[in-house]
Amino acid sequence: MPEYVAKTLFGLEGVLAEELQALGAGDVKTLTRAVSFTGDKRMLYKANYHLRTALKILVPVKEGEIKNEQELYQFVRSINWDRYMGVNDTLAVDVAMKTPLFTHTQYIAQKIKDAVVDQFRDKYGSRPSVDLDKPSLRINAFISDRNIVISRDSSGDSLHRRGYRVRQGPAPLNEVLAAGLVKLSGWPGNIPLIDFMCGSGTIAIEAAMMALDLPPGDLREHYGFQQWRDYEPALFNQVAVVERKTSLTADLIFASDISAEAVQLAQRHARNAGVLRAIRFSTCPFNDFQPPSAPGMVIINPPYGERIVQQNLEDLYTSIGNQLKKSYAGFDAWIISNNAEAMKHVGLRPSPKIVVYNGQLECRFNRYSLYAGSKKQPKS
Ligand SMILES: C[S@@+](CC[C@H](N)C(=O)[O-])C[C@H]1O[C@@H](n2cnc3c(N)ncnc32)[C@H](O)[C@@H]1O
53 MPEYVAKTLF GLEGVLAEEL QALGAGDVKT LTRAVSFTGD KRMLYKANYH
103 LRTALKILVP VKEGEIKNEQ ELYQFVRSIN WDRYMGVNDT LAVDVAMKTP
153 LFTHTQYIAQ KIKDAVVDQF RDKYGSRPSV DLDKPSLRIN AFISDRNIVI
203 SRDSSGDSLH RRGYRVRQGP APLNEVLAAG LVKLSGWPGN IPLIDFMCGS
253 GTIAIEAAMM ALDLPPGDLR EHYGFQQWRD YEPALFNQVA VVERKTSLTA
303 DLIFASDISA EAVQLAQRHA RNAGVLRAIR FSTCPFNDFQ PPSAPGMVII
353 NPPYGERIVQ QNLEDLYTSI GNQLKKSYAG FDAWIISNNA EAMKHVGLRP
403 SPKIVVYNGQ LECRFNRYSL YAGSKKQPKS
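Numbering-wise (this note's numbering), the sequence shown opens with residue 53 and increments by one.
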């Protein structure tokens, strides 16, 4: 059975492994920023179309050890590239490396490309050309110390590009991270979910897509494997069937922000994603947001401080904590932030604190359980 590697963000390996189990993948193993699994071609297509927390699905071609640039070149040349592409096809090379052997990723990508095209030129007198945008074959090289894995990238563009985002908005969450946060939170899908700092709406949209059983690949127009020689469109059409639920229970997902512009953008994204009616939008400071009655869940991604002074940020986090204590008894509230100092100002004890990465930023995703009844009951 072919082996595949699904790449993800640090901290999401566990939820990705669960998604793979649910899809019926074989031999699911959790690695760092990745999960390996086995399956047939149908499984490869399913993984690309249905996984919410994967960035890429790679198909390893060859693994080995190298000591220098010459060995790298020979290693790549020793692969029979004829199996995967022809001289009239195009290629692109992506490199991820953590090794003392080499310093410049671009240079190593160039070397790998040379090894592939030289093989064709020597055999046929002509060579495939490079297309960085939509190549027939996207090659992925992962070099860790002396270990190298060359893979075919079956996804092409990263899977977080669902196709609903038109503009970034300030500091949006990666779609894969937003979906991962909803999964990490354990939101059961039948109690209210609130993001009262929704920005461009990513958390609410990903949650709505989950609740409606809308696959993340629904809007996507292209996958790398569709350029491959062994692509079976009929098989992909069987996999890409959407059986969305037509509606949700009213008042399930709430998205709100102080910025009218952010809310407009979030609504536009939700419309593109086909989930506009599943989300109740409002524009207000979070202190004015009226939550539905408990139980429920809050997931927020407050500003981290790139554009705001620390003192103001600490006040903002204090005020978030106060609001949670005041109006959210019976809720679980999750906050993602990379600003550890500001997080202390929430003034509640988090458990658990999960480490996740938002781009390059190491963040904590903290849960605060706001027990019902901890507030003083009014005297009757
Ligand atoms: C880091 S962004 C959220 C990004 C969002 N998760 C996304 O994917 O686009 C933080 C958001 O908090 C909002 N915000 C800041 N202060 C607020 C307040 N007092 N009440 C409500 N929203 C606020 C900002 O307008 C901004 O959209």
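For each residue, glycine too, the CB sits at the ideal point set by N, CA and C.
Proximity to residue i [Cα-Cα], best of the options
i: Ser188; options: Ala256, Leu107, His274, Arg217; result: His274
i: Phe306; options: Gly253, His321, Ala325; result: Gly253
i: Pro344; options: Phe248, Thr142, Asp183, Arg179; result: Phe248
i: Leu83; options: Phe62, Arg320, His102; result: Phe62
i: Cys336; options: Lys186, Ile310, Phe417; result: Ile310
i: Ile385; options: Thr370, Lys114, Pro402; result: The amino acid at residue 385 is misidentified as Ile; the sequence shows Ala. Residue Pro402 is the option with its Cα nearest to Ala385.
i: Val182; options: Ala167, Thr142, Asn192; result: Thr142
i: Val294; options: Thr301, Ser308, Leu266; result: Leu266
i: His1; options: Gly138, Gly269, Asn324, Arg173; result: With the chain covering 53 to 432 only, the question about residue 1 has no answer from this structure.
i: Asn192; options: Gly208, Ser178, Pro180; result: Gly208
i: His102; options: Leu271, Leu365, Gln316; result: Leu271
i: Met395; options: Pro404, Gln412, Gly373, Ser379; result: Gly373
i: Phe172; options: Leu400, Phe154, Thr157, Val139; result: Val139
i: Asp303; options: Glu70, Ala74, Ala260; result: Ala260
i: Gly215; options: Thr301, Ile246, Ala322; result: Ala322
i: His397; options: Leu153, Gln362, Val407; result: Gln362
i: Arg198; options: Ala69, Pro152, Arg94; result: Pro152
i: Lys473; options: Tyr159, Ser210, Ile406; result: Look at the range of the chain in this structure, 53 to 432, and you will see that residue 473 is not part of it.
i: Gly251; options: Glu123, Ala86, Ala314, Ser334; result: Ala314
i: Glu123; options: Arg135, Trp239, Trp133, Phe154; result: Phe154
i: Val145; options: Val407, Arg281, Tyr159; result: Tyr159
i: Asp282; options: Asn226, Ala292, Arg135; result: Arg135
i: Ile433; options: Ile164, Trp239, Lys405; result: This structure cannot speak to residue 433, because the chain is shown only from 53 to 432.
i: Gly399; options: Asp340, Phe127, Val234, Thr370; result: Thr370
i: Val291; options: Ile331, Met95, Arg320; result: Met95
i: Phe333; options: Pro404, Ile246, Lys378; result: Ile246
Test item: CB-CB of residue i and residue j under 9 Å
i: Asn410; j: Ile387; result: no
i: Ala381; j: Ala312; result: no
i: Leu110; j: Ala58; result: yes
i: Tyr97; j: Phe277; result: yes
i: Gly241; j: Val67; result: no
i: Thr60; j: Ala106; result: yes
i: Ser299; j: Arg329; result: yes
i: Val228; j: Leu365; result: no
i: Met53; j: Thr90; result: yes
i: Tyr125; j: Asp174; result: no
i: Tyr356; j: Leu264; result: no
i: Leu376; j: Leu422; result: yes
i: Arg104; j: Glu71; result: yes
i: Lys93; j: Glu284; result: yes
i: Arg416; j: Asn390; result: yes
i: Arg217; j: Asn353; result: no
N- and C-terminal bounds of the beta strand (DSSP E) containing residue i
i: Glu115; result: 108-117
i: Gly32; result: Residue 32 falls outside the range modelled here, since the chain spans only 53 to 432, and no answer is possible.
i: Leu422; result: 413-422
i: Tyr409; result: 405-410
Where the alpha helix (DSSP H) containing residue i begins and where it ends
i: Ala302; result: Counting along the chain, Ala302 falls outside any alpha helix (DSSP H), and DSSP gives it neither H nor E.
i: Thr254; result: 254-263
i: Asp367; result: 362-379
i: Trp383; result: Note on residue identity: the sequence assigns Phe, not Trp, to residue 383. Not the alpha helix (DSSP H): Phe383 falls in the beta strand (DSSP E), residues 383-389.
i: Asp174; result: 157-176
i: His274; result: That residue, His274, is in no alpha helix (DSSP H); it is neither H nor E in DSSP.
i: Gly66; result: 65-75
i: Glu474; result: For residue 474 there is no data in the structure shown, the boundaries of the chain being 53 and 432.
i: Ala231; result: 227-237
i: Ala325; result: 312-325
i: His102; result: 93-102
i: Val128; result: 121-129
DSSP bridge partner residues for residue i (one or two, in chain order)
i: Ser88; result: Val57, Lys81
i: Met149; result: Ile195
i: Arg332; result: Phe306
i: Met349; result: Leu245, Asp384
i: Ile202; result: Lys114, Ala193
i: Val182; result: Leu143
Whole-Å CB distance - residue i paired with residue j, under 8 Å assumed
i: Ala230; j: Ile255; result: 5 Å
i: Val113; j: Arg179; result: Between Arg179 and Val113 the Cβ distance is about 19 Å, and since that is not below 8 Å, they are no contact.
i: Phe288; j: Pro347; result: The pair is not a contact, with the Cβ atoms about 40 Å apart (cut-off 8 Å).
i: Glu115; j: Val201; result: 5 Å
i: Met349; j: Ile257; result: In fact, because the Cβ distance is near 16 Å, the residues do not count as touching under 8 Å.
i: Leu317; j: Arg219; result: 6 Å
i: Met149; j: Ile195; result: 4 Å
i: Ser237; j: Ile351; result: 6 Å
Cutoff 9 Å: residue i Cβ touching any chain C Cβ
i: Gly253; result: Of the chains in the structure shown, none is chain C; there is only one protein chain.
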